[in-house]
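*Asks:* Heads up: the sequence shown begins at 1270 in this note's numbering, then just goes up one per residue.
The C-beta atom is built at its ideal place from N, Cα and C for all residues, glycine as well.
Submitted below is the structure of interest, expressed as C-alpha cells.
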Amino acid sequence: MNLKQLSIIIVNYNVKDLLKNCIQSCLHAIKTIDAEIIIVDNNSNDGSKEFITRVFPQVKWIQNSANLGFSKANNIGVTYSKGNYLLILNPDTIVKPDVFEKIIPFAEHAKKFGALGVRITDEHNQYRPESKRNYPNPKNTFDKLFSQLFFSKSKKSKGYYNTELGEYDIGKVEILTGCFFFTTKKIYTEVGGFDESYFMYGEDIDLSYTILKAGYQNYYYGKTSIIHYKGAATKIDKLYYKNFYNAMEIFVRKYFKKPFVMYIFLLFGLKIRYYLALLIFSMQRKK
1270 MNLKQLSIII VNYNVKDLLK NCIQSCLHAI KTIDAEIIIV DNNSNDGSKE FITRVFPQVK
1330 WIQNSANLGF SKANNIGVTY SKGNYLLILN PDTIVKPDVF EKIIPFAEHA KKFGALGVRI
1390 TDEHNQYRPE SKRNYPNPKN TFDKLFSQLF FSKSKKSKGY YNTELGEYDI GKVEILTGCF
1450 FFTTKKIYTE VGGFDESYFM YGEDIDLSYT ILKAGYQNYY YGKTSIIHYK GAATKIDKLY
1510 YKNFYNAMEI FVRKYFKKPF VMYIFLLFGL KIRYYLALLI FSMQRKK
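Quick look at the structure:
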C-alpha cells in the first residue's frame, strides 16, 4: 500500500456547496503535503457525487446506500485511508492554509500524542468555546443541560468548556470536537474509532475520552484555526433533538452507572430536558 502522510475524512450528506468550499480549502492546505481527501457520502440526493467528482476528480469518493450516521461513515472512510495521520473534518468548515504545516510537526514531538484540536471560529472570526472542553462529569453535564434555563453556573466549578487554556494557547485538553479531530491512524484503529452506537453527536466526546483512557494525551493548538459554519450542515428539527439527547443518554449509560442514584438522576434529567427542548421548538415554530 502506498502510504501517505495525511488522510482527510469528510462525511457528506446533502451539502455539496459547503463541501466544495471545504475541499478547496483543504487542497490549499495540503499543497506541500503527501495527502489524500476521502469523501464518505451518506446517500445524498442533491447531486453531490456528480458535482464533487467532476470538480475535484482527485478526491476519493465512497458512496453509502443509506444514511449510516457520522460515526459509522467515518469508520468506513478510515478503513480506506492510507495516511499516517488522520483528520476527521466536517464539510461545513474552512481550514487555514497553514494548519497542517503547524500541527503535524507539533504532533510528531508532543508527549504521548493522542489527538489534537485547533481554534474554531464562526464566519465572523468569533471564537467558539467548544474548541476545547472538559470531560463531562455529572456536575458539568447537569450545568450544560439546565444552567442557561434556570440558574447561573458556578464559576468555581470545572465547567463543560475548558477556560483554563487561553484561546490562542497550546496545551493539554480532555475533550475535542468532531468537526476537526486530528489523530493518527494507529491510535484511531487501536481504540476502535468512533463508537457506532452514536448516530450523530456525542461520538467525539466518547472518542476523546477513550483515547485518554488508553494512556494518550489530547492537545489544543490555538496558533492556527478553522472556520466552522456550525449548524449549516444540520437541519434543526425534532429528529435533531432526538439524535442529540439520545447521544447524551448513550454516554451517561456507558460511563455514569455509578453511583446509581446519580445515574438515575441524570437519565431522568435528560428526559426532562429532551421534552422541554421539543416544547420550546414547537412554540418557536408557531410564532
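(1) With three or more beta-carbon pairs closer than 8 Å as the criterion, would you say the stretch 1429-1444 touches the stretch 1351-1362?
(2) Would you mind sorting Y1437 into buried or exposed? The rule is 16 or more other CB atoms within 10 Å of its CB.
(3) Would the stretch 1457-1470 and the stretch 1359-1378 be scored as touching if the rule is three or more Cβ pairs under 8 Å?
(4) Quick one: Cα of Q1327 to Cα of I1308, how far?
(5) How many Å lie between S1423 and K1318 at the Cα?
(6) Between which two residues does the beta strand (DSSP E) containing R1397 stretch?
(7) Going by C-alpha to C-alpha distance, which of T1390, C1448 and T1348 sits closest to S1254?
(8) Helix, strand or coil for E1436 per DSSP?
(9) Sorted by chain position, which residues of the same chain lie with C-beta nearer than 7 Å to I1519's C-beta, five sequence neighbours on each side aside?
(10) Please list the terminal residues of the continuous beta strand (DSSP E) segment that includes S1494.
(11) Give me the Cα-Cα distance between H1497 and G1316, rounded to the nearest whole angstrom.
(12) Do the CB positions of A1342 and N1311 come within less than 7 Å of each other?
(13) Rounding to the nearest angstrom, what Cα-Cα distance links E1459 and D1475 in this structure?
(14) Less than 7 Å between C-beta atoms, sequence neighbours within five positions excluded: which residues of the same chain meet that for Y1338?
(15) Given Y1354, which residues of its chain have a CB within under 6 Å of its CB, disregarding the five upstream and five downstream residues?
(16) Measure from the alpha carbon of E1433 to the alpha carbon of each residue in F1451, C1448, R1402 and V1347, then state which is nearest.
(17) What does the alpha-carbon distance come out to for the pair K1527 and S1477?
*Replies:* Let me lay it out:
(1) Contact between the stretch 1429-1444 and the stretch 1351-1362 is absent, because fewer than three Cβ pairs lie under 8 Å.
(2) Within the sequence shown, numbered from 1, the residue matching residue 1437 stands at position 168. Result: exposed.
(3) Flag = no, the stretch 1457-1470 and the stretch 1359-1378 do not touch.
(4) For the purposes of this step, residue 1327 is taken as the residue at position 58 of the sequence shown. For the purposes of this step, residue 1308 is taken as the residue at position 39 of the sequence shown. Spanning the two alpha carbons is a distance of roughly 11 Å.
(5) Counting from 1 along the sequence shown, the entry for residue 1423 is found at position 154. Counting from 1 along the sequence shown, the entry for residue 1318 is found at position 49. Legend: pLDDT at S1423 = 46, less than 50; position of this residue unreliable, no value from coordinates given.
(6) Here residue 1397 refers to the residue found at position 128 when the sequence shown is read from its first residue. For R1397, no beta strand (DSSP E) segment is defined, and its DSSP state is neither H nor E.
(7) In this structure the chain extends from 1270 to 1556, so residue 1254 is not present and cannot be described.
(8) Taking the sequence shown and counting its residues from 1, one reaches residue 1436 at position 167. Three-state DSSP puts E1436 in coil, outside helix and strand.
(9) As a position in the sequence shown, residue 1519 is number 250, starting the count at 1. Annotation for I1519: S1466, Y1467 and G1471 place their beta carbon closer than 7 Å to its own, counting only its chain and skipping 5 residues before and after.
(10) Translated into positions along the sequence shown, residue 1494 becomes position 225. In this chain, the beta strand (DSSP E) harbouring S1494 covers Q1486 to H1497.
(11) Position 228 of the sequence shown, counted from the start, is the residue given in the question as residue 1497. Position 47 of the sequence shown, counted from the start, is the residue given in the question as residue 1316. Pairing H1497 with G1316, the inter-Cα distance amounts to about 23 Å.
(12) Numbered from its first residue, the sequence shown carries residue 1342 at position 73. Numbered from its first residue, the sequence shown carries residue 1311 at position 42. In contact: A1342 and N1311 (Cβ atoms closer than 7 Å).
(13) Here residue 1459 is taken as the residue at index 190 of the sequence shown, counted from 1. Here residue 1475 is taken as the residue at index 206 of the sequence shown, counted from 1. Rounded to the nearest angstrom, the gap between the Cα atoms of E1459 and D1475 is 14 Å.
(14) Counted from its first residue, the sequence shown places residue 1338 at position 69. The residue asked about is misnamed: residue 1338 is Gly in this sequence, not Tyr. Correct list, in chain order: F1468 and M1469.
(15) Position 85 of the sequence shown, counted from the first residue, corresponds to residue 1354. Around Y1354: L1275 and T1453.
(16) Your numbering for residue 1433 matches position 164 in the sequence shown. Across the set F1451, C1448, R1402 and V1347, the C-alpha of R1402 shows the shortest separation from the C-alpha of E1433.
(17) Locating residue 1527 in the sequence shown gives position 258, counting from the first residue. Locating residue 1477 in the sequence shown gives position 208, counting from the first residue. Their backbone Cα atoms lie some 21 Å apart in a straight line.
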